[in-house]
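A.B. asks: Below is the structure I would like to discuss, written out as structure tokens.
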Amino acid sequence: MTTPLKPVRVRYAPSPTGDFHVGGARTALFNYLFARHHRGSFILRIEDTDQKRYNPQALAWLLNGLRYLGLDWDEGPEAGGDYGPYVQTQRIEVYRRHCGRLLDAGAAYRCFCTPERLEAVSKELQRKGLNPGYDRLCRNLDPEEAARRAAAGEPHTVRFKLPLDGEIAVHDVIRGDITFQNANLQDAVLMKSDGIPTYHMANVIDDHLMEISHILRGDEWVNSLPLHIHLYTAFGWEPPVMAHLPLILNPTGKGKMSKREDRAPDGRKLPVFVRTFEEMGYLPEAMINYLALLGWSYDDKTEIMGHDELIERFSLDRVNASPAVWNYDKLDHLNGHYIRQLPVEELAERLLPFARAAGFQVEREKMLQVTPLIRERITTLGDVATVANFLFMDELPPYDASELIPQKGNAAMALAALQRAGKALDAAAFTREALEVRLRDEANAMGVKAGQMFQPIRVAVCGRKAAPPLFETMEVLGRATCLKRIGQAIHKLAEHAV
RNA sequence: GGCGCUAUCGUCUAAGGGUUAGGACGGAGCCCUCUCAAGGCUCAAAUACGGGUUCGAAUCCCGUUAGCGCUACCA
């Protein structure tokens, strides 16, 4: 267990290029849990230095996603903080100043190579069977001459002057020591020709200036580690503690969890964006529980953990190094679990907007009655639209008359059952208990098993074979609706027989 | 190709030298039961391969293989 001496300050630093992805959510969650566990700060920083891929909707998607998941940030957009601004395009001057320091110290150099030349060089190197990359042509330019050309307005980038030999050992709390040969490193671009820094430089400068104590980020960054460490060194800074989180892999192709939404072979939607999960009716408690289990575990059996328990129990030394494959079934299981755990009143409240979004005009009172019937039968809140539709509609969707006939029965039997039920319903008190007693009696009188008799009634009333318990359902539907639907079923059956 | 990371049931994982290799999802079966669920019980299912080190290896070391990641004036 590492108990850091410095105050814990961690950040989630996404690039606003697209929708908020579950991989990003997992990274954000681990940072959040780590910060809260150590009573530190969770900072949100927007790394928008890529103007080409910038998406104006991305920030809203991100912020909404974080709020939905319950991951509140202490500093960042809309929260403020003493280390702002927290949006990198508002910090350009800071980067230019620091870049100047590197230039002055001879740790960086101006590069006047055109993109065309860069591409040609890389191709040529590749053709020779060498590593593609930059040939460091401008590295040996006279700095004063280069400065003059730059002052004259000649387009250029600023590149980092990396050591040409030797090796660098870096430490990662999850992976241990990793050594890289400096000869394999590239003189990375720090400042683009438009005067905007690249990720590498902006990221390092901000993490230092914002006094970030631990960097928890995705595994795709390990190869940037030596570059970043060299940068910290060049600035004379102490790097934060590094932790590279295991990647989340696609359930199918085993690649990095796709940025695009996919469909399963059966056509089922396979969401990858936080927003989609929210829209489908996944509970935030299920999402964070599931996400926490992707690359981290508490012990050999505990899996169900709420927000506070996760904070209490989270620790970096129980984070895995190996990648994790996304499992929709397990998420569904957890979501079902959390749905069933909700008190009926609260579940009803959460269900309401989903039913209405599906086009059903449902009153709160009605939803309160329906909720206990579907609680065990939905895995997402959105399922209310399909599982409870017949409880909200006036007219049943069309179904096949053959559905009314039980396996071991025939049309005549089904018809008789429905006719008896119709009469019985007229007489009986309309409570679940009374209905059950009355209809069981009818089954007896008919000389058929209760289940045999119930199926035609169920299909008549619900429009399908798989449905919530019959008597509760009838009670919620009410006498008039039940009688009407049974009448319609009798007609259907009569036509079917003809 | 180069570099890096990773390797326990199909999947998520536990076991940081000595366990009948444990749990969860999914699967199968049984129970409950008016259907469907939910729930309960049971079963099948794993240490990638080869070498070391050790009395003893899933665990430590080396190699092989495989998978993934990175290889941009993207992050």
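Residue 491 in numbering that gives the first Met the number 0 sits at position 492 of the first sequence; the count goes up by one each step and never skips.
The beta carbon of each residue, even a glycine, is placed where N, CA and C say it ideally should be.
With distances taken from CA atoms, which of Ile167, Glu284, Pro6 is nearest Leu70?
C.D. replies: Closest by alpha carbon: Glu284.
A.B. asks: Under the rule that 16 or more other beta-carbon atoms within 10 Å means buried, what is Pro352, buried or exposed?
C.D. replies: Exposed: under 16 other Cβ atoms inside 10 Å.
A.B. asks: How far does the beta strand (DSSP E) with Glu153 in it extend, from its first residue to its last?
C.D. replies: From DSSP, Glu153 is part of no beta strand (DSSP E); its letter is neither H nor E.
A.B. asks: CA-CA distance, Met499 and Phe19?
C.D. replies: This structure leaves residue 499 out entirely; the chain is present only between 0 and 497.
A.B. asks: CA-CA distance, Met241 and Asp176?
C.D. replies: Rounded to whole angstroms, Met241 to Asp176 spans 11 Å at the Cα level.
A.B. asks: Check whether the region 28–40 and the region 309–323 touch, using three or more Cβ-Cβ pairs below 8 Å as the test.
C.D. replies: Output reads yes: the region 309–323 touches the region 28–40.
A.B. asks: Is it buried or exposed for Leu203, if we count other Cβ within 10 angstroms and need 16 for buried?
C.D. replies: In the sequence as displayed, the identity of residue 203 is Val instead of Leu. Answer is buried; the Cβ neighbour count reaches 16.
A.B. asks: Identify the continuous alpha helix (DSSP H) that holds Glu92 and give its terminal residues.
C.D. replies: It spans 91–103 - the alpha helix (DSSP H) in which Glu92 sits, taken as one unbroken run.
A.B. asks: Grab me the residues of Thr156's own chain with a C-beta within less than 7 Å of its C-beta, minus the 5 sequence neighbours each way, in chain order.
C.D. replies: Cβ neighbours of Thr156 beyond the five flanking positions: Cys110, Val188, Met190, Lys191, Ser192.
A.B. asks: Could you tell me the alpha carbon to alpha carbon distance between Ser401 and Pro15, rounded to whole angstroms?
C.D. replies: Rounded to whole angstroms, Ser401 to Pro15 spans 54 Å at the Cα level.
A.B. asks: When DSSP labels each residue in this structure, what does Met256 get in the three-state scheme?
C.D. replies: Coil.
A.B. asks: Rounded to the nearest angstrom, how far is the Cβ of His243 from that of Asp171, given a contact under 8 Å?
C.D. replies: Going by Cβ atoms, the distance from His243 to Asp171 rounds to 5 Å, so yes, they are a contact pair.
A.B. asks: Determine the extent of the alpha helix (DSSP H) in which Gln368 is found, giving its start and end residues.
C.D. replies: Counting along the chain, the alpha helix (DSSP H) containing Gln368 begins and ends at 363–373.
A.B. asks: Would you report the Cα separation of Pro405 and Met366, rounded to the nearest angstrom?
C.D. replies: If you take the alpha carbons of Pro405 and Met366, they lie about 30 Å apart.
A.B. asks: Using DSSP with H/G/I as helix, E/B as strand and the rest coil, what is Ser401?
C.D. replies: Of the three classes helix, strand and coil, the one that applies to Ser401 here is helix, per DSSP.
A.B. asks: Measuring only from the beta carbon, is Leu346 closer than 7 Å to any heavy atom that is part of the ligand ATP?
C.D. replies: The ligand ATP is not among the ligands present in this structure, which contains no ligands whatsoever.
A.B. asks: Distance check for Arg439 and Asp425, CA to CA, integer angstroms please.
C.D. replies: In a straight line, the C-alpha of Asp425 is about 15 Å away from that of Arg439.
A.B. asks: So, helix, strand or coil for Gln180, using DSSP?
C.D. replies: In this structure, Gln180 counts as strand in the three-state DSSP scheme.
A.B. asks: From Asp49 to Ile303, what does the alpha carbon distance come to, in whole angstroms?
C.D. replies: For Asp49 and Ile303, the distance between alpha carbons rounds to 39 Å.
A.B. asks: On the three-state DSSP scale, how would you describe Thr1?
C.D. replies: Annotation note: pLDDT 48 at Thr1 (below 50); position unreliable, no value reported.
A.B. asks: Tell me, which residues are paired with Ala242 by DSSP?
C.D. replies: Bridge partners of Ala242: Leu215.
A.B. asks: Can you give the beta carbon distance from Phe29 to Leu215, rounded, assuming they're within the 8 Å contact cut?
C.D. replies: Contact flag correct, Cβ pair sits at about 5 Å.
A.B. asks: Taking only runs that begin and end inside the region 26–72, name each unbroken beta strand (DSSP E) of 3 or more residues, in chain order.
C.D. replies: The region 26–72 contains these whole beta strand (DSSP E) runs: 40–43.
A.B. asks: Kindly indicate the opening and closing residues of the beta strand (DSSP E) around Arg8.
C.D. replies: That run of the beta strand (DSSP E) goes 8–11.
A.B. asks: Alpha carbons only, please: which of Thr232, Val169, Gly64 is nearest the one belonging to Met286?
C.D. replies: Comparing Cα positions, the closest option is Gly64.
A.B. asks: Is the beta carbon of Ala201 less than 8 Å from the beta carbon of Gln360?
C.D. replies: It is not a contact, given that the beta carbons lie outside the stated cut-off.
A.B. asks: Note down the Cα distance separating Leu68 from Glu77, rounded to an integer number of angstroms.
C.D. replies: Taking the straight line joining both Cα atoms gives about 17 Å.
A.B. asks: Quick check on DSSP: helix, strand or coil for Phe159?
C.D. replies: Residue state, collapsed to three classes: strand.
A.B. asks: For Gly79, which three-state DSSP category applies?
C.D. replies: Gly79 falls in the strand class under three-state DSSP.
A.B. asks: Does the beta-carbon distance from His207 to Leu226 come in below 8 Å?
C.D. replies: Contact flag unset, no.
A.B. asks: Could you compute how far the alpha carbon of Phe470 sits from the alpha carbon of Leu390?
C.D. replies: Approximately 13 Å, taken between the alpha carbons.
A.B. asks: Under the three-state reduction of DSSP, which class applies to Leu248: helix, strand or coil?
C.D. replies: Leu248: strand per DSSP, three-state reduction.
A.B. asks: If you draw a straight line from the alpha carbon of Gly128 to that of Arg116, how long is it in whole angstroms?
C.D. replies: Computed Cα separation, rounded: 18 Å.
A.B. asks: Based on DSSP bridge pairs, tell me the residues matched to Asp171.
C.D. replies: The partner list for Asp171 (beta bridge, DSSP) reads Gly175.
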